[in-house]
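One line per chain: the protein sequences are R and C, in this order.
Residue numbering for the first sequence follows the working numbering, starting at 3 and increasing by one per position.
Residue numbering for the second sequence follows the working numbering, starting at 3 and increasing by one per position.
For reference, the structure is listed below as C-alpha cells.
There are 2 protein chains.
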Amino acid sequence: MTIQTEQHVEEQPQNGAAKFADAAECLKTLAHPVRLRMVQMLLEGRYTVGELAQDCGVPDNVASEHLRLMQRCGFFTSQREGRRVYYEVAEPHLENLMNCIKSRFLSE
Amino acid sequence: MTIQTEQHVEEQPQNGAAKFADAAECLKTLAHPVRLRMVQMLLEGRYTVGELAQDCGVPDNVASEHLRLMQRCGFFTSQREGRRVYYEVAEPHLENLMNCIKSRFLSE
DNA sequence: TTGACATATCGTGAGGTTACGATATTATTG
DNA sequence: CAATAATATCGTAACCTCACGATATGTCAA
C-alpha cells in the first residue's frame with residue numbers, strides 16, 4: 003500500500019483534486035437550510051434582505067451574513083435602491099443545480 | 003454541565019423550511035474535496051477503502067471515516083470480501099447531482 | 001495459534017462555522 | 001440638523017469538523 007509519507011502539503015495526486023476544492027467550497031456555502039431557502043426564493047424573483055430574513059425566520063443581520071457568503075461564491079448580486087438592498091441570482095447554473103437537489107431531497 | 007440555553011428552537015415559518023434541513027445535511031456531506039473525489043470515482047465502479055484512500059492521497063482511516071459519513075446519507079453501500087471492503091453507489095440521484103456540480107464548477 | 005493485512009473506531013486538539021448582541025453605515029424623512 | 005429605517009460589520013462564545021495517532025476488529029495464511 004506504500005502510502006505517500008509526504009506530509010499532506012499541497013500535494014494531492016494530480017487527478018483534478020484541486021478542482022474539487024472549489025466545488026466543495028461552493029457546495030459548503032449552499033449546504034445550510036436558511037441559505038438553501040434563500041436560493042429557492044431568489045430563483046423566483048428579487049428580494050430585499052428584510053424580506054428574505056422574515057421569510058426564513060432569522061434576524062436581519064443573520065440574513066445579511068448568509069447573503070454575503072453566497073455573494074462571495076458568485077451566486078447573487080445586489081443593488082441598493084433607497085435604503086433597501088435587493089439581491090438577485092447571478093449564477094445561471096444555480097437553477098439547474100437547485101432542481102437536482104430538489105429532485106433528490108425534496109420531492110418524495 | 004450541559005446547560006442547553008434553548009436556542010431559537012424549531013420555529014421556522016412553515017414554508018417547507020424543514021425539508022431544506024435534510025437537503026443541507028446531505029449537501030454538507032458532499033461538500034468536501036476528498037468526498038467529492040470519492041463520489042466521482044465510485045460513480046465509475048466499485049473500489050476498496052485502500053484504493054480510494056490512495057487515489058485521494060489520504061490515510062486509510064481518514065478515507066474510512068469519509069466513507070462512513072457518506073454511507074450515513076445513503077450515498078453508498080459496502081460489502082466485505084475477504085479482508086477488503088468494497089464500496090459502491092447506492093443513491094441513484096447521485097450521478098445526476100454530480101453532473102450538475104461538474105458542469106458548474108469543473109468544466110471551465 | 002501467531003502474525004500480517006485491511007478496515008474501523010475512538011480520543012484529542014486545532015481550526016472553522018454559526019447565531020447573537022452591539023455597533024456602524026447608508027439613505028430617507030421631518 | 002436629528003431621528004428613524006434598512007442593511008452591514010464586528011467581537012464573542014458555543015458548537016462542529018477534520019485529521020491525526022492509537023487502538024480495535026475482522027480476515028486470511030503459515
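Idealized CB from N, CA, C, for every residue including glycine.
Quick caveat: nothing in here was measured; it's all calculated off a predicted structure.
**Prompt:** So, Val87/R versus Val51/R, is the Cβ gap smaller than 8 Å?
**Reply:** Val87/R places its beta carbon less than 8 Å from that of Val51/R.
**Asked** Would His68/C count as contacting chain R if we go by Cβ distances under 8 Å?
**Response** no
**Message:** What would DSSP say about Glu46/R, mapped onto helix, strand or coil?
**Reply:** coil
**Asked** In the structure shown, what three-state DSSP assignment does Val91/R receive?
**Response** strand
**Message:** Let me see if you follow: with CB-CB separation under 8 Å, is Ala92/C close to chain R or not?
**Reply:** Ala92/C does not count as touching chain R.
**Request:** Could you tell me whether the Cβ of Asn98/R comes closer than 8 Å to any Cβ of chain C?
**Result:** Output row for Asn98/R: interface = yes.
**Asked** Just checking, does the segment 29 to 44 of chain C make contact with the segment 73 to 92 of chain C on the three C-beta pairs under 8 Å criterion?
**Response** yes
**Prompt:** Helix, strand or coil: which one does DSSP assign to Arg85/C?
**Reply:** coil
**Message:** Strictly under 8 Å for the Cβ-Cβ distance: is Arg86/C near chain R by that measure?
**Reply:** no
**Message:** Contact criterion: CB-CB distance below 8 Å. Does Leu45/C meet it with respect to chain R?
**Reply:** no
**Item:** Exposed unless 16 or more other CB atoms sit within 10 angstroms - verdict on Ala20/C
**Value:** exposed
**Positions along the segment 19 to 50 of chain C whose CB lies within less than 7 Å of some CB in chain R** = Ala19, Lys21, Phe22, Ala23, Asp24, Ala25, Ala26, Cys28, Leu29, Lys30, Leu32, Ala33, His34, Pro35, Leu38 and Arg39
**Request:** Throw me the rounded Cβ distance for the Cys28/R and Leu99/C pair, which I believe falls under 8 Å.
**Result:** No, Cys28/R and Leu99/C are not in contact; Cβ-Cβ is about 13 Å, not under 8 Å.
**Prompt:** In chain order, what residues of the same chain lie with their CB nearer than 6 Å to the CB of Gln73/R, ignoring the 5 residues before and after it?
**Reply:** Counting only residues of its own chain and dropping the five nearest sequence neighbours on each side, Gln73/R has no CB closer than 6 Å to any other CB.
**Request:** Using a threshold of 8 Å, state whether the C-beta atoms of Ala23/R and Lys30/C are closer than that.
**Result:** no
**Asked** Would you call Asp57/R buried or exposed, if buried means 16 or more other Cβ atoms sit within 10 Å of its Cβ?
**Response** It counts as buried.
**Message:** For the alpha helix (DSSP H) containing Val64/C, name the first residue and the last one.
**Reply:** Asp62 to Arg74
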